[in-house]
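Last residue of the sequence shown: 796 in the working numbering, with the numbers rising by one and none dropped.
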Amino acid sequence: MINFLKGIDFSLQSWGFSRVIRLGLGLFFFIPAIQEVDYFAMMLGGVLLYQAIANTGCGFTKNSSSCGVDLPKTDKKVKF
Numbered sequence: 717m718i719n720f721l722k723g724i725d726f727s728l729q730s731w732g733f734s735r736v737i738r739l740g741l742g743l744f745f746f747i748p749a750i751q752e753v754d755y756f757a758m759m760l761g762g763v764l765l766y767q768a769i770a771n772t773g774c775g776f777t778k779n780s781s782s783c784g785v786d787l788p789k790t791d792k793k794v795k796f
């Protein structure tokens with residue numbers, strides 16, 4: 717847990733628009749869910765809060781490297 721916290725960049729300069737949106741939506745779902753004991757909303761808010769704090773999750777751009785998905789190689793010929 718401590719090594720995880722050391723790897724997180726808490727400076728506000730690295731916070732982009734999508735990260736702030738994830739934080740806002742996470743708080744929007746998580747705080748009322750705690751008050752109303754709504755477990756589904758707690759999970760949704762918790763996932764969004766985790767993504768905002770750890771800066772994980774897929775980005776909104778085509779070349780986003782945060783998804784970790786490798787594109788298939790297209791050098792093989794297809795026979796019909």
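Beta carbons are placed, not taken as given, at the ideal position from N, Cα and C, and that holds for glycine.
Could you tell me the alpha carbon to alpha carbon distance between residue i and residue j, rounded to whole angstroms?
{"i": "I769", "j": "L739", "result": "8 Å"}
{"i": "K793", "j": "F733", "result": "41 Å"}
{"i": "L743", "j": "G761", "result": "6 Å"}
{"i": "K795", "j": "I737", "result": "46 Å"}
{"i": "N771", "j": "S730", "result": "9 Å"}
Output needed for residue i: all residues of its chain with C-beta closer than 7 Å, excluding positions within five of it in sequence on either side, in chain order.
{"i": "I750", "result": "M758"}
{"i": "F746", "result": "M758, G761, G762, L765"}
What does a CB cutoff of less than 6 Å around residue i pick up in its chain, not counting 5 residues either side in sequence?
{"i": "P748", "result": "none"}
task: Return the chain-ordered ranges of every alpha helix (DSSP H) run that is complete within the stretch 734-783 and spans a minimum of 4 residues.
output: 755-770
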